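Heads up: the structure comes next, in structure tokens.
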Amino acid sequence: MESPTCWCGLKTPLKTSHTSKNPGRRFFACPNYKTGEARCEFFVWADILHLLEENFCARENKATSILWNDVLQREYAVWKREDKVREMAKNLKRQKR
30 MESPTCWCGL KTPLKTSHTS KNPGRRFFAC PNYKTGEARC EFFVWADILH LLEENFCARE
90 NKATSILWND VLQREYAVWK REDKVREMAK NLKRQKR
């Protein structure tokens, strides 16, 4: 999983929570988080981000598969029509003789 960019435009480091509510839970936050510097409030749990990325990839792969199947079906339809046109052209040539 790649480190996301916060709303300040900075790469977010992977950090570990040391709170009693979320001990050991990993998260990404604005690099200025808890530094006293101005920050953008960007925060995301690493496990949640991972699930979102997996879900997005699965949907993207499914959409790509659907589109690819559609392209193949259209190409097949074109091929069949071209075959039909060739057959009609042959029949016309025979009729002209």
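Residues in the sequence shown are numbered from 30 upward in steps of one, following the working numbering. All C-beta atoms, glycine included, are put in the ideal place defined by N, C-alpha and C. Owing to the predicted nature of the structure, the values given are computational and were not obtained by experimental measurement.
Beta-carbon spacing of residue i, residue j below 8 Å
{"i": "THR41", "j": "CYS69", "result": "no"}
{"i": "GLU82", "j": "MET30", "result": "yes"}
{"i": "PRO128", "j": "LEU78", "result": "With the chain running from 30 to 126 in the structure shown, residue 128 is simply not present."}
{"i": "GLY53", "j": "THR45", "result": "yes"}
Of the residues the options, the one placed nearest residue i, counting alpha carbons only
{"i": "PHE56", "options": "GLU66, GLY65, ASP76", "result": "ASP76"}
{"i": "LEU39", "options": "ALA106, TYR62, ARG103, ASN120", "result": "TYR62"}
{"i": "PHE71", "options": "LEU43, ASN90, LYS50, ASN51", "result": "LEU43"}
Classification of residue i by the beta-carbon crowding that lies within 10 angstroms, buried from 16 upward
{"i": "CYS35", "result": "buried"}
Distance cut-off 7 Å: residue i Cβ against heavy atoms of the ligand ZN
{"i": "ARG54", "result": "The ligand ZN is not among the ligands present in this structure, which contains no ligands whatsoever."}
Problem set entry | Whole runs of the beta strand (DSSP E) within the region 38–102, excluding any shorter than 3 residues | 43–45, 55–58, 72–74
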